[in-house]
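Here the structure comes first, spelled out in structure tokens, and everything after it is commentary.
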Amino acid sequence: MIYGFPNAFGNLLEPIKAKAGIAGNGQSELVEALTGLRSVKSGKIIFMGKDITNKSPRELSKLRIRHIPEDRRAMGVAESMTFGENIMMRDYFKPPFSRAGILNYNFISKHAKELINKFEILTPDI
Numbered sequence: 352m353i354y355g356f357p358n359a360f361g362n363l364l365e366p367i368k369a370k371a372g373i374a375g376n377g378q379s380e381l382v383e384a385l386t387g388l389r390s391v392k393s394g395k396i397i398f399m400g401k402d403i404t405n406k407s408p409r410e411l412s413k414l415r416i417r418h419i420p421e422d423r424r425a426m427g428v429a430e431s432m433t434f435g436e437n438i439m440m441r442d443y444f445k446p447p448f449s450r451a452g453i454l455n456y457n458f459i460s461k462h463a464k465e466l467i468n469k470f471e472i473l474t475p476d477i
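Residue numbers (my numbering): 352 to 477.
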């Protein structure tokens, strides 16, 4: 639930449970704040009874909070990286993707191939 976002929605006394509307009404900014991509200047974000205001995307990922951007090509992928590098970006610092700070490209490639086959993904590279 979201409390007290006076700049965006007026002074809220009731929590927001869902938000929908037309482009330009602050949806993207709200989602970015909820997922740690934008800092919250006032108010707070409560998730399952815990204040998650201004937590990092990595901290929020541990709570299973994720962000799928509207423009996935501009914000969702790094075009200069391979498919395998893109899919491990969230977990690059954890085994089996890396060990002692060194990326495990054999595992990354194997994992990418498995996902490509499982979900029939069309990609120019692995």
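Backbone N, C-alpha and C fix where the C-beta goes; we use that ideal spot for every residue, glycine too.
C-alpha distance - residue i paired with residue j, whole-angstrom precision
i, j, result
"P420", "F458", "27 Å"
"T404", "K445", "25 Å"
"Y443", "S407", "16 Å"
"A463", "R409", "21 Å"
"E430", "R424", "8 Å"
"Q378", "M439", "27 Å"
Start-to-end residues for the beta strand (DSSP E) that takes in residue i
i, result
"F398", "K395 to F398"
Residue i and residue j closer than 9 Å at C-beta
i, j, result
"E434", "I472", "Inspection of the sequence shows that residue 434 is occupied by Phe rather than by Glu. Yes; because the gap between Cβ atoms is below 9 Å, this pair is in contact."
Start and end residues, alpha helix (DSSP H) containing residue i
i, result
"S390", "Per DSSP, S390 belongs to no alpha helix (DSSP H) and is neither H nor E."
"N437", "F434 to I438"
"H462", "Y456 to F470"
"L473", "No alpha helix (DSSP H) contains L473, which DSSP labels as neither H nor E."
"E409", "In the sequence on display, residue 409 carries Arg and not Glu. From DSSP, the alpha helix (DSSP H) with R409 extends over P408 to K413."
"S379", "Q378 to L385"
Close-in-space but distant-in-sequence residues of the same chain around residue i (CB under 7 Å, 5 per side omitted)
i, result
"S460", "G435 and I477"
"R441", "S412"
Burial state of residue i, where buried means 16 or more other Cβ atoms lie within 10 Å
i, result
"G387", "buried"
Residues of its chain near residue i, where Cβ-Cβ distance is below 6 Å and the 5 sequence neighbours each way are ignored
i, result
"H418", "T386"
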